[in-house]
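Take the sequence shown: its letter number 44 is residue 43 in numbering that gives the first Met the number 0, and every next letter is one higher. Even for Gly, the Cβ is constructed at its ideal location relative to N, Cα and C. Written out below as structure tokens is the structure these notes cover.
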Amino acid sequence: MLKILCIDFGAKRCGLAISDELQMIGTPLRTVRTHELLADIEYLLKSEALEGIVIGKPKDLKGNETDASKLVTVFTKKLKGKFPDLNIWSEDERFTSKIALQSMLEGNVPKNKRRDKSVIDKVSAAIILQSFLDKRWSENKK
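Structural data, given as structure tokens:
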């Protein structure tokens with residue numbers, strides 16, 4: 000199987016996570032500046048065998064789009080234009096930053112790393128990716 004990349008998109012920086020070849024586990028990869036994201040994706044497409052990209056879709060508590068959702072939509076269109084043959088999916092990203100912080104607390108991650116937003120971004124991307132992978136696996140079992 001091919002790997003899946005995930006993006007926790009932000010106005011300043013984006014967290015990246017990647018799956019294993021079996022598409023069972025999402026792992027934090029790195030954080031990149033948003034203006035460098037397309038070039039980084041291009042590099043990853045050359046260095047990794049990717050099936051597609053999952054992009055975290057921000058929503059408010061009622062499930063409605065937010066201002067951040069509009070930025071993600073614009074970026075997604077740009078991504079589809081640049082890589083038309085690549086699968087691109089979206090996944091609800093509500094509460095992922097809070098879940099990432101809680102996971103780091105429970106994992107005894109030092110306070111200085113928990114305060115580092117770039118660490119939170121890539122852990123959030125891994126949580127978004129894991130949610131996507133889990134849903135995909137459960138749908139395939141039906």
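Here residue 133 carries a helix assignment [DSSP, helix/strand/coil]. Secondary structure at residue 91: strand, using DSSP grouped into helix, strand and coil. By the neighbour-count criterion, in which 16 or more other beta carbons inside 10 Å mark a residue as buried, residue 109 falls on the exposed side.
Under a 10 Å Cβ-count criterion, residue 137 is classified as exposed, with fewer than 16 other Cβ atoms of the shown protein chains found around its own Cβ. For residue 74, the CB contacts under 7 Å within the same chain, skipping 5 residues up- and downstream, are 8 in chain order.
Using a 10 angstroms sphere on the CB of residue 83, the tally of other CB atoms stays under 16, which defines it as exposed.
The closest CA to that of residue 26, considering only 39, 34, 16, 115, is found on 16. Per the C-alpha coordinates, the member of 24, 0, 22, 37 positioned closest to residue 12 is 37. Inter-residue distance for residue 70 and residue 28 is about 22 Å (C-alpha atoms, whole angstroms).
Residues of the same chain with a CB within less than 7 Å of the CB of residue 57, apart from the 5 flanking positions on each side, are 65, 67, 68, 71, 92 in chain order. Close CB contacts of residue 126 within its chain, under the 7 Å cut and outside five residues either way in sequence, are with 95, 98, 99 (chain order).
Between residue 130 and residue 90 the beta-carbon gap is near 6 Å, inside 8 Å, which marks them as a contact.
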